[in-house]
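In our numbering, the protein residues as written are 133 to 250. Idealized CB from N, CA, C, for every residue including glycine. Computed from a predicted structure; not experimentally measured. Following: one structure in structure tokens, then a few remarks.
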């Protein structure tokens, strides 16, 4: 009984976290330009997978704009880094041709590209 309740709570927390990330990414994309992770998350890719594939996805694509963002290092230390931003047209063009080597991920990306093309 206890293990079942723990699993249920874990599932709910994960679902809430995923939905919150999708909502945030959708708002970021609606502003005009967003990072590759935000575009992938807003398009329906899970946030963990979006972070995993964002580097390879954005390779070879010229960013629409750049800005600086803050990343957290060890402890309270932060560092300013350059962040590449893409508009919807650049993201859609790349989504139509990008397919990762992982078969399951490739199917997700093909489905995402089909939704974007419609």
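Less than 8 Å separating the beta-carbons of residue i and residue j?
i           : j           : result
residue 225 : residue 232 : no
residue 198 : residue 213 : no
residue 246 : residue 189 : no
residue 150 : residue 179 : yes
Check whether the Cβ of residue i lies closer than 8 Å to any Cβ atom in chain C.
i           : result
residue 232 : Reference to chain C is not applicable here, since this structure consists of a single protein chain.
Mapping DSSP to helix, strand and coil, what is residue i?
i           : result
residue 136 : helix
residue 157 : helix
residue 147 : helix
residue 250 : coil
What whole-angstrom Cβ distance do residue i and residue j have, given they're in contact under 8 Å?
i           : j           : result
residue 175 : residue 248 : 7 Å
residue 160 : residue 168 : Not really, about 11 Å apart at Cβ, beyond 8 Å.
residue 222 : residue 193 : 6 Å
residue 240 : residue 177 : 6 Å
Leaving aside the five residues before and after residue i along the sequence, list all residues of the same chain whose C-beta is less than 7 Å from its C-beta, in chain order.
i           : result
residue 154 : 173 and 174
residue 244 : 175, 176, 177 and 227
Considering only residues of the same chain and omitting the five flanking positions on each side of residue i, which have a CB-CB separation below 6 Å?
i           : result
residue 182 : 169, 172 and 173
residue 203 : 211 and 213
Grab me the residues of residue i's own chain with a C-beta within less than 8 Å of its C-beta, minus the 5 sequence neighbours each way, in chain order.
i           : result
residue 217 : 165, 166, 167, 195, 196, 197, 198 and 199
residue 242 : 231
query = Could you give the uninterrupted runs of the alpha helix (DSSP H) lying entirely in the stretch 165–243, keeping only those of 4 residues or more?
reply = The alpha helix (DSSP H) runs lying completely inside the stretch 165–243 and spanning 4 residues or more are 168–174, 179–190 and 220–229, given in chain order.
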